[in-house]
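Numbering of the sequence shown is given in the working numbering, commencing with residue 11 and proceeding in unit increments. Ideal Cβ positions, reconstructed from N, Cα and C, are used throughout, including at glycine.
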Amino acid sequence: MELALYYSLAVLLVMASLVAWLATVFTLPGNWAIPIMAALFAWAYPPDRGPGIGWTVVFVLLGLAVLGEVLEFAAGAVGAARQGASRRAMALSLVVAFVGSLLGAFLLSLLFPLIGTIVGAVLGGALGAFGGAYLGEWWKGRESPERISVGMGALVGRVLGTLSKLVVGATMVAVVSVAAFF
């Protein structure tokens, strides 16, 4: 009976990890939720009681979450900074990208319920990054070609950062799945 409960909870853990992974598309900390849930699972069902997720797996997941953040930050910052972005432009780019990802996900989910949500979040975040950086440079008094250049750098950086973080998150879901069932 306890084994059936374990596997039921393991399935729920993997499903919750998938939902958390998808939350990263919306610039939410989904990759951080995965090691937290794995730690709770490791505490409730340690491997010495049969199959389970050990603390080594939890620390690997934490390391992957840090890697995802570093990759996302580096891609976003390098994209805009390479074009000479101001701090104001980079800060506005982050804020407007978050709002853009939520708005894009909502709007495209109305047309295409599942895939539209994901595509809308990525597209809205990228356009928001462009708009925020453009606005920041406009506020700074820079000329239009500079604003466009910085905005494009922020857009490309945002897309590359999101994709990098999604790859790391997918790896985390795979690690949780393998650790829970094998």
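Residue range of the alpha helix (DSSP H) that includes residue i
{"i": "residue 38", "result": "Unbroken run through residue 38: none, as it is neither H nor E."}
{"i": "residue 96", "result": "Per DSSP, residue 96 belongs to no alpha helix (DSSP H) and is neither H nor E."}
{"i": "residue 156", "result": "154-191"}
{"i": "residue 73", "result": "65-91"}
As assigned by DSSP and simplified to three states, the class of residue i
{"i": "residue 104", "result": "helix"}
{"i": "residue 55", "result": "coil"}
{"i": "residue 122", "result": "coil"}
{"i": "residue 61", "result": "coil"}
{"i": "residue 146", "result": "helix"}
{"i": "residue 151", "result": "coil"}
For residue j and residue i, believed in contact at Cβ under 8 Å, the rounded distance
{"i": "residue 168", "j": "residue 135", "result": "6 Å"}
{"i": "residue 106", "j": "residue 163", "result": "Not really, about 15 Å apart at Cβ, beyond 8 Å."}
{"i": "residue 213", "j": "residue 137", "result": "Residue 213 is absent from the model: the chain starts at 11 and stops at 192."}
Beta-carbon proximity check, residue i vs residue j, cutoff 7 Å
{"i": "residue 44", "j": "residue 71", "result": "yes"}
{"i": "residue 89", "j": "residue 160", "result": "no"}
{"i": "residue 63", "j": "residue 189", "result": "yes"}
{"i": "residue 32", "j": "residue 178", "result": "no"}
{"i": "residue 182", "j": "residue 74", "result": "yes"}
{"i": "residue 109", "j": "residue 172", "result": "no"}
{"i": "residue 127", "j": "residue 139", "result": "no"}
{"i": "residue 98", "j": "residue 151", "result": "no"}
{"i": "residue 48", "j": "residue 68", "result": "yes"}
Reference residue i, options the options, closest by Cα
{"i": "residue 112", "options": "24, 31, 103 and 130", "result": "130"}
{"i": "residue 180", "options": "13, 42 and 15", "result": "42"}
{"i": "residue 82", "options": "110, 57, 39 and 120", "result": "39"}
{"i": "residue 103", "options": "87, 173 and 127", "result": "87"}
{"i": "residue 176", "options": "29, 118 and 61", "result": "29"}
{"i": "residue 187", "options": "33, 101 and 17", "result": "17"}
{"i": "residue 15", "options": "35, 26, 54 and 48", "result": "54"}
{"i": "residue 20", "options": "37, 101, 57 and 36", "result": "57"}
The ligand MG heavy atom lying under 6 Å from the CB of residue i
{"i": "residue 147", "result": "The ligand MG is absent from the structure shown, which contains no ligands of any kind."}
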